[in-house]
Every structure is written in structure tokens, then in C-alpha cells.
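Enquirer:
Residue numbers (the numbering used here): 20 to 133.
1) With distance defined between alpha-carbon atoms, name the residue in 51, 59, 65 nearest to residue 75.
2) Report yes if the C-beta distance between residue 124 and residue 84 is below 7 Å; otherwise report no.
3) Consult DSSP for residue 62 and reduce its assignment to one of helix, strand or coil.
4) Throw me the rounded Cβ distance for the residue 60 and residue 69 pair, which I believe falls under 8 Å.
5) By the three-class DSSP mapping on this structure, what secondary structure does residue 69 have?
6) Tell me the rounded alpha-carbon separation between residue 72 and residue 58.
7) Using the beta-carbon count (16 or more within 10 Å), is residue 39 buried or exposed?
8) With burial defined as no fewer than 16 other Cβ atoms inside 10 Å of the residue's Cβ, what is the status of residue 94: buried or exposed?
9) For residue 90 and residue 116, I'd like the C-alpha separation in whole angstroms.
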């Protein structure tokens, strides 16, 4: 099956997309080592927990991947018990979490960190 070529209703979106692609292609790829370490900060204003300062980007991404995996598994369990609109909303959340984890895992796999 051939993938259709996108038809842009708004020419400015096509121009913005081309500009972004050119910019990404011309800039050198940075390694995780070039990214800054984490800054300390609470998870939420009232949280007992916080993010530690000085965690490498790679280690932080590994942890994010694990958290997303947990959210994916919990969501899968909840989806089985849902019905109607609930089930659709939960499925949408599961799909979003899976996509987010796929992006994080792809970054880590590209680095060889997993």
C-alpha cells in the first residue's frame, strides 16, 4: 500500500515543515553527554517527592521509560474494566503513553543505552 503524500490546506504549514526539516538536517546531533543534568525540583507544589539534582539525561530517560511502562500496564488493566466512553478515553491515554514511551526508548536505543 502506498502512503499518500500529505495535502497541505495551508501553504504556511508546508513552509514551516520544510524549514524545520532543513534546520534539523543542518544541525549536528548532540549526544546525551551534551545535554544538561537535571535540576532539583518538586514533582508538584504539594508533593513529598522531588527530582534530584545532577541526574544525567540518559539516566533520567531510562527512568521516564520505566514510569511510562508502568502507566501503560496499569492503563491496560483499567481498560478491561471500563465501558462505553470510559473505555475510549482510557484507550486514548494508553495509546498516548505507548507513543511517549516509544519516543523515549527510540532515543535510548539510538544511543545504545539500553
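We treat Cβ as the ideally placed atom computed from N, Cα and C, and that holds for glycine.
Remember, predicted model here, so these are calculated numbers, not experimental data.
Expert: Reading off the structure:
1) To locate residue 75, count along the chain shown from 1; it is residue 56. It is 51 whose Cα lies nearest to the Cα of residue 75.
2) For the purposes of this step, residue 124 is taken as the residue at position 105 of the chain shown. For the purposes of this step, residue 84 is taken as the residue at position 65 of the chain shown. Cβ atoms of residue 124 and residue 84: closer than 7 Å.
3) Locating residue 62 in the chain shown gives position 43, counting from the first residue. Reduced to three states, the DSSP call for residue 62 is coil.
4) Indexing the chain shown from 1 puts residue 60 at position 41. Indexing the chain shown from 1 puts residue 69 at position 50. Sure, about 6 Å apart at Cβ, within 8 Å.
5) Residue 69 sits at position 50 when you count from the first residue of the chain shown. Three-state result, residue 69: strand.
6) Translated into positions along the chain shown, residue 72 becomes position 53. Translated into positions along the chain shown, residue 58 becomes position 39. So the alpha carbons of these two residues sit roughly 5 Å apart.
7) Along the chain shown, read from residue 1 onward, the residue named residue 39 stands at position 20. The residue is exposed, with fewer than 16 neighbouring Cβ atoms inside 10 Å.
8) On the chain shown, position 75 is the one that residue 94 refers to. Residue 94 is buried by the Cβ-count criterion.
9) Counting from one through the chain shown, the residue named residue 90 turns up at place 71. Counting from one through the chain shown, the residue named residue 116 turns up at place 97. The alpha-carbon atoms of residue 90 and residue 116 are separated by roughly 7 Å.
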